[in-house]
Amino acid sequence: AKSNVEFLQGFNLRLKGRLPEAEKHFRASYELSPGNISAGRELSSICLSRGNVDDAERFAREAYNHASGNPYVTDILVSVLCHKRGKSSLNDTEIADMLDRLRHVDSQGGHSFYLTRAAELQYLWGDNKEALSLVEEAIRKTPNIFEPHRIRAQALIRAARMHEAQSEIDLMKDMVLGNSGPDRRTNHRAYLVTLAKYLAETNRFQDAKDIYNTNGLFSPEERTQGISEIERIEGFAARPRH
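Sequential numbering of the sequence shown, starting at -14, is according to our numbering.
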């Protein structure tokens, strides 16, 4: 019962985008109910969003060991491994096997797990054009899912297609702040991180920094790290061009 209470508190905070607080409650829930698949998946997703890939893998693997046939669990584990293993992810047999499982789920209709994670893999370590092709197909299949739009916005920023990136970010804003839809505030933080990257890459550095002052969404350490990354981009932009 205590585990369930902690889980519900964590879930409510995650829906508001308040990941640092949500993580504390999910961890308490998990400690009271070790191996809980739902809490493990939530913790893995939050840890990945906050840059703690070691814990993200631990929680995802524990959930996967109990529910390897669950596509949502496989999905988060693939994402974690792609971030953790670097460029070797492109030729990783474990990742390839899991992507094949997700491809089978997609083939049954109504899902875009494979397309989304294959796009993320290409965006992170491979061909950005291929990432855009894959994620745009994912959006055609599941237009109301937030994650493909996030990846597309990031890939468009990398390709310096800023007008299209702005349109994608506007769409993400509507998904996060609108009155309906399955994602809503759940992805508020992910939207803001993407927006900050866009603002920094378009030389609106102070606006980008101000995003990290949003109450409750970023820890002091995350705020410092986010602003440091913006300042790195700002410093690069200030260098004289020859």
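Even glycine gets a Cβ: it sits at the ideal position worked out from N, Cα and C.
In this text the structure is predicted, and so the values were computed from the model without any measurement.
Leaving aside the five residues before and after residue i along the sequence, list all residues of the same chain whose C-beta is less than 6 Å from its C-beta, in chain order.
i	result
Ala181	Ala193 and Ile196
Leu75	Trp110 and Gly111
Pro167	Legend: pLDDT at Pro167 = 45, less than 50; position of this residue unreliable, no value from coordinates given.
His68	Val38
Phe11	Gly(-5), Ala24, Glu27 and Leu28
Ala104	Ala116, Leu119, Val120 and Ile136
Glu219	Phe190
Lys40	Before going on, a small fix: residue 40 reads as Asp here, not Lys. Only Cys32 meet the Cβ criterion.
Under the assumption that residue i contacts residue j (Cβ atoms under 8 Å), give the Cβ distance between them as a whole number of angstroms.
i	j	result
Leu66	Tyr49	About 10 Å; that fails the 8 Å criterion.
Gly2	Leu202	5 Å
His51	Ile22	5 Å
Gly25	Glu47	5 Å
Arg70	Asp77	6 Å
Thr136	Val120	Inspection of the sequence shows that residue 136 is occupied by Ile rather than by Thr. With a Cβ gap of about 5 Å, Ile136 and Val120 count as contacting.
Asp91	Leu84	Not confirmed; about 10 Å, so no contact.
Glu186	Ile142	6 Å
Ser14	Phe(-8)	4 Å
Classify residue i: buried if its beta carbon has 16 or more other beta carbons within 10 angstroms, exposed otherwise.
i	result
Ala223	exposed
Lys59	The sequence shown places Thr at residue 59, rather than the Lys named in the question. Classification for Thr59: buried.
Gly20	exposed
Lys(-13)	exposed
Asn(-3)	exposed
His89	exposed
Phe221	exposed
Gly(-5)	buried
Asn172	buried
Leu4	buried
Arg102	buried
Pro133	buried
Ala140	buried
Ala145	exposed
Arg(-1)	buried
Which residues in the same chain have their Cβ closer than 7 Å to the Cβ of residue i, if we skip the five residues on either side of it in sequence?
i	result
Val(-10)	none
Gly205	Contrary to the premise, residue 205 reads as Pro rather than Gly in this sequence. Correct list: empty, nothing qualifies.
Asn188	Ala222
Among the options, which has the Cα closest to the Cα of residue i?
i	options	result
Gly36	Asp91, Gly211 and Asn172	Gly211
Gln107	Val90, Ala145 and Ser118	Ser118
Leu184	Glu121, Gly25, Glu105 and Glu214	Glu214
Gly95	Arg70, Glu122, Arg189 and Arg137	Glu122
Arg208	Glu219, Val178 and Phe98	Val178
Lys126	Ile142, Glu105, Arg102 and Ser97	Ser97
Glu79	Ser64, Gln191, Ser92 and Glu219	Ser64
Gln93	Ala104, Pro56 and Arg(-1)	Pro56
Thr199	Glu186, Phe190, Arg174 and Glu219	Arg174
Ala138	Glu132, Asp40, Glu153 and Phe(-8)	Glu153
Mind checking whether the beta-carbon of residue i lies closer than 8 Å to any heavy atom of the ligand NAD?
i	result
Asn200	Ligands in the displayed structure: none, and consequently the ligand NAD is not present.
Tell me which same chain residues have a C-beta within less than 8 Å of the C-beta of residue i, skipping the five on either side of it?
i	result
Glu8	Gly(-5), Leu28, Ile31, Cys32 and Arg35
Touching by the beta-carbon criterion (3+ pairs, under 8 Å), the region 148 to 162 and the region 109 to 116:
no
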